[in-house]
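Here the structure is laid out as structure tokens; the discussion comes afterwards.
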Amino acid sequence: MQQFLESFLPAGPLVVFVFSIIPLMIILVYALFAIWLERKVAGHMQDRLGPMRTGGWHGWAQTIADLVKMIQKEDIVPAKADRFLFKMAPFIAFAASYAAFVAIPFSSGYIGSMIDVGVFYIVAITSLLSVSIIMAGWASNNKWSLLGAMRTAAQTVSYEIPTVVTILSVIIVTGTLNLMEITELQSGNTFLGFLPGWLIFHSPFMVIAFVLFFIATLAEAHRVPFDLPESESELVGGYQTEYSGMRWGLFMLTEYADMLLLSLLGAALFFGGWNSPFGSYLDGPLWGAFWMLLKGMILVFVMMWLRWTLPRLRVDQLMNLCWKYLIPLSFVNLVLIALWEMIF
Amino acid sequence: MVKALTDTYTTFKSIFTGMGITMRHLFKRSVTVQYPEVRDKLPERVRLKLHVNIDDCIGCRLCERACPVECIDIGTIKSTDDDDLGETSTGHKKKLWVDTFDIDMAKCCYCELCVHPCPTDCITMVEEYEYSAYDRNDLIFSFADMTPEQIERANRKLEEEEEEKRRKKEEARRAREKKAAQKAEAGDDATSPGNASDDAGGTRTEAGASGDADADADREARRAAREARRAARKAEREAKKRSGE
Numbered sequence: 137m138q139q140f141l142e143s144f145l146p147a148g149p150l151v152v153f154v155f156s157i158i159p160l161m162i163i164l165v166y167a168l169f170a171i172w173l174e175r176k177v178a179g180h181m182q183d184r185l186g187p188m189r190t191g192g193w194h195g196w197a198q199t200i201a202d203l204v205k206m207i208q209k210e211d212i213v214p215a216k217a218d219r220f221l222f223k224m225a226p227f228i229a230f231a232a233s234y235a236a237f238v239a240i241p242f243s244s245g246y247i248g249s250m251i252d253v254g255v256f257y258i259v260a261i262t263s264l265l266s267v268s269i270i271m272a273g274w275a276s277n278n279k280w281s282l283l284g285a286m287r288t289a290a291q292t293v294s295y296e297i298p299t300v301v302t303i304l305s306v307i308i309v310t311g312t313l314n315l316m317e318i319t320e321l322q323s324g325n326t327f328l329g330f331l332p333g334w335l336i337f338h339s340p341f342m343v344i345a346f347v348l349f350f351i352a353t354l355a356e357a358h359r360v361p362f363d364l365p366e367s368e369s370e371l372v373g374g375y376q377t378e379y380s381g382m383r384w385g386l387f388m389l390t391e392y393a394d395m396l397l398l399s400l401l402g403a404a405l406f407f408g409g410w411n412s413p414f415g416s417y418l419d420g421p422l423w424g425a426f427w428m429l430l431k432g433m434i435l436v437f438v439m440m441w442l443r444w445t446l447p448r449l450r451v452d453q454l455m456n457l458c459w460k461y462l463i464p465l466s467f468v469n470l471v472l473i474a475l476w477e478m479i480f
Numbered sequence: 015m016v017k018a019l020t021d022t023y024t025t026f027k028s029i030f031t032g033m034g035i036t037m038r039h040l041f042k043r044s045v046t047v048q049y050p051e052v053r054d055k056l057p058e059r060v061r062l063k064l065h066v067n068i069d070d071c072i073g074c075r076l077c078e079r080a081c082p083v084e085c086i087d088i089g090t091i092k093s094t095d096d097d098d099l100g101e102t103s104t105g106h107k108k109k110l111w112v113d114t115f116d117i118d119m120a121k122c123c124y125c126e127l128c129v130h131p132c133p134t135d136c137i138t139m140v141e142e143y144e145y146s147a148y149d150r151n152d153l154i155f156s157f158a159d160m161t162p163e164q165i166e167r168a169n170r171k172l173e174e175e176e177e178e179k180r181r182k183k184e185e186a187r188r189a190r191e192k193k194a195a196q197k198a199e200a201g202d203d204a205t206s207p208g209n210a211s212d213d214a215g216g217t218r219t220e221a222g223a224s225g226d227a228d229a230d231a232d233r234e235a236r237r238a239a240r241e242a243r244r245a246a247r248k249a250e251r252e253a254k255k256r257s258g259e
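Rendered as structure tokens:
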């Protein structure tokens with residue numbers, strides 16, 4: 137990819153700039169699409185239609201209209217807020233979630249950085265997100281914001297454990313932390329001759345690992361039923377309460393970027409990443425990007441689907457689920473996968 | 015351990031049941047009606063707005079009397095004999111000019127009590143419901159189609175005709191009295207002494223003069239009353255408008 141860019145772009149820094157901005161473009165276009173999709177899914181699941189007017193065909197331009205509105209809004213900072221932290225928080229939030237995209241292999245020809253500790257890096261950098269949320273909640277000087285921020289801290293710290301343990305069970309099988317290598321290991325129709333060589337088909341325990349991973353990432357991305365930090369119906373808006381305009385928009389963008397990030401991570405770890413489901417058919421760098429984003433979008437859709445199916449958990453239920461079910465189960469699963477690897 | 019497993023089973027079962035339901039609804043037809051483009055079919059006898067077919071109105075004011083909230087205001091002028099107002103589509107003869115027919119839809123309580131008494135079925139509820147306005151006075155709908163000139167003409171003609179009639183009546187009475195007097199005179203000539211006829215003549219002229227004066231006064235009074243009525247109605251309307259603002 138970098139060589140390809142160098143072939144027609146003159147200067148070195150420009151190549152690096154274009155190279156690093158590709159995921160941003162993907163995120164922005166995806167966010168416009170995903171917010172519209174979320175509304176459509178929400179509408180149709182409730183037998184409504186969702187946005188229908190803006191832009192003509194089924195309100196496709198609704199998010200663009202909202203974006204224009206958000207940009208026009210006044211930038212309000214509460215009088216008693218910590219101005220610097222308050223203004224910084226949304227940028228740190230988005231930076232944290234964008235930084236994590238560097239280790240995601242979008243296709244066989246594009247990965248931001250071939251770091252050998254890819255998965256570890258993603259897990260580490262997404263923790264910055266909770267820091268920025270606590271920052272936002274504290275700087276807002278508002279009890280709802282602070283409550284939301286404290287919930288975030290508790291939630292993120294708790295749910296990182298099952299996430300990391302399920303990722304660890306994948307690492308046991310692959311033996312590498314580099315997501316590109318993990319993806320390459322999953323190519324071809326190796327299981328039973330016809331199933332793609334994805335890790336989810338590797339062993340029954342991998343299915344359990346994926347379910348645990350998915351639940352934990354839902355909590356990490358603060359999606360319903362784990363959206364306690366925001367919970368508009370009980371905490372007004374949680375850490376977002378005092379934010380308006382584009383700063384709020386950045387938090388929203390971060391939430392959707394995070395959804396995509398964790399879905400892509402799930403796709404890379406369990407569903408073969410950019411590998412085609414038909415072996416070598418429809419394979420290649422561009423088809424790879426298509427398959428990767430398609431798999432990611434399907435997982436994002438499942439997140440939306442769950443959002444309009446499940447009610448929000450109570451704080452104690454949230455902790456209960458994590459500490460009493462997910463963590464013990466993921467540890468048992470880790471041991472079982474290790475045994476499976478030893479025997480076969 | 016067993017409890018944890020059964021709990022897990024129940025959780026996943028309920029989650030998948032829920033997801034099944036939401037997935038089914040995702041592909042179900044939405045109940046949304048895209049309102050301005052698509053409209054719901056309304057029931058046959060909806061009561062949404064009053065409409066008056068003024069060509070059929072005979073000015074009987076039955077609807078005005080039936081209205082419990084007094085939102086209908088009707089004014090009529092008697093038509094003169096030479097004006098033929100024609101018939102309504104139901105075959106009723108029209109005898110009155112209808113110079114005012116105002117319905118205040120802001121007051122209307124949609125009881126439809128005015129619709130049923132109408133002998134010519136000219137006041138009806140129609141299927142129109144998009145008539146909201148910024149000013150409540152814009153909700154007073156005028157159905158009368160007479161121009162001010164026509165109203166003026168009708169009023170003038172009515173007055174002229176009344177005068178004419180009175181005059182004719184007076185003449186007729188005078189002629190009758192004259193005839194009677196002549197008869198009496200003729201009878202007198204034949205039967206009774208002449209002073210009786212003098213008496214009769216004296217009384218007749220007196221009566222005639224006083225009758226003329228009476229008629230004049232009467233006409234004046236009637237005109238004044240009509241003017242007053244009209245002024246009162248106008249004032250009321252003005253007051254309504256003012257209170258509306």
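Protein chains in written order, with the numbering used here: chain A, 137 to 480; chain B, 15 to 259. Glycine is no exception: its CB is placed at the ideal position from the N, C-alpha and C atoms.
{"Item": "Cut-off 7 Å between Cβ atoms - residues of its own chain near residue 494 of chain A, not counting five sequence neighbours on either side", "Value": "What is shown of chain A runs 137 to 480, which leaves residue 494 of chain A out entirely."}
{"Item": "Proximal residues of chain B, C-beta to C-beta of residue 194 of chain A below 7 Å", "Value": "Per Cβ cutoff of 7 Å: no residues; residue 194 of chain A is ~11 Å from chain B at best."}
{"Item": "Simplified DSSP assignment, three categories, for residue 363 of chain A", "Value": "coil"}
{"Item": "Chain-ordered chain B contacts of residue 292 of chain A [CB-CB under 8 Å]", "Value": "Here the premise fails: no neighbours, minimum Cβ distance about 22 Å."}
{"Item": "C-beta contact flag for residue 183 of chain A and residue 106 of chain B at 7 Å", "Value": "no"}
{"Item": "contact_flag[the region 149 to 157 of chain A, the region 219 to 229 of chain A] where n(CB pairs < 8 Å) is 3 or more", "Value": "no"}
{"Item": "C-beta neighbour in chain B for residue 506 of chain A, strict 7 Å", "Value": "Residue coverage of chain A in this structure runs from 137 to 480, which leaves residue 506 of chain A outside it and unanswerable."}
{"Item": "Under 9 Å from the C-beta of residue 188 of chain A: neighbouring residues of chain B", "Value": "46 and 48"}
{"Item": "Chain B within 7 Å of residue 358 of chain A, Cβ atoms only", "Value": "no"}
{"Item": "As assigned by DSSP and simplified to three states, the class of residue 241 of chain A", "Value": "strand"}
{"Item": "Contact belief for residue 381 of chain A with residue 211 of chain A at Cβ below 8 Å, rounded distance in angstroms", "Value": "6 Å"}
{"Item": "Reference residue 261 of chain A; option with closest CA among A:284, A:234 and A:273", "Value": "A:234"}
{"Item": "Given 8 Å, three or more beta-carbon pairs between the region 413 to 428 of chain A and the region 436 to 452 of chain A", "Value": "no"}
{"Item": "Interface residues of chain A facing residue 42 of chain B [CB-CB closer than 7 Å]", "Value": "183"}
{"Item": "Three-pair Cβ contact test at 8 Å for the region 116 to 128 of chain B versus the region 150 to 165 of chain B", "Value": "yes"}
{"Item": "Any C-beta of chain B under 7 Å from that of residue 180 of chain A", "Value": "yes"}
{"Item": "Cβ separation of residue 62 of chain B and residue 140 of chain B, assumed to be a contact under 8 Å, to the nearest whole Å", "Value": "7 Å"}
{"Item": "For residue 139 of chain B, the three-state DSSP class (helix, strand or coil)", "Value": "strand"}
{"Item": "Buried or exposed by the 16-neighbour rule on C-beta atoms within 10 Å, applied to residue 269 of chain A", "Value": "buried"}
{"Item": "Beta strand (DSSP E) runs contained entirely in the region 231 to 279 of chain A, provided each spans 3 or more residues", "Value": "241 to 243"}
{"Item": "Where residue 108 of chain B sits in the DSSP three-state scheme", "Value": "coil"}
{"Item": "Contact set between the region 341 to 370 of chain A and chain B, restricted to residues whose Cβ is under 7 Å from the partner", "Value": "none"}
{"Item": "Any C-beta of chain A under 7 Å from that of residue 15 of chain B", "Value": "no"}
{"Item": "Whole-number beta carbon distance between residue 258 of chain A and residue 232 of chain A, since they are thought to touch under 8 Å", "Value": "About 11 Å; that fails the 8 Å criterion."}
{"Item": "Sheet register partners of residue 143 of chain A (DSSP bridge)", "Value": "DSSP, once it has assigned bridges, lists no residue as partnering residue 143 of chain A."}
{"Item": "Minimum Cβ-Cβ distance from residue 36 of chain B to chain A less than 7 Å", "Value": "yes"}
{"Item": "Pairwise C-alpha distance: residue 121 of chain B and residue 50 of chain B", "Value": "26 Å"}
{"Item": "Chain A contact for residue 105 of chain B (CB, 7 Å cutoff)", "Value": "no"}
{"Item": "Closest by C-alpha distance to residue 90 of chain B, when choosing among B:125, B:166 and B:133", "Value": "B:166"}
{"Item": "Partner residues on chain A for residue 20 of chain B, Cβ-Cβ distance less than 8 Å", "Value": "The contacting residues do not exist; residue 20 of chain B stays about 12 Å from chain A at best."}
{"Item": "Interfacial residues, the region 427 to 452 of chain A to chain B, with Cβ spacing under 8 Å", "Value": "441, 442, 444, 445 and 446"}
{"Item": "Beta bridge counterpart(s) of residue 115 of chain B as assigned by DSSP", "Value": "B:88"}
{"Item": "Burial state of residue 480 of chain A (16 or more Cβ within 10 Å)", "Value": "exposed"}
{"Item": "For residue 155 of chain B, three-class secondary structure by DSSP", "Value": "strand"}
{"Item": "Per-residue contacts from residue 39 of chain B into chain A (C-beta, under 8 Å)", "Value": "180, 181, 182 and 183"}
{"Item": "Min CB distance residue 154 of chain A to chain B below 7 Å", "Value": "no"}
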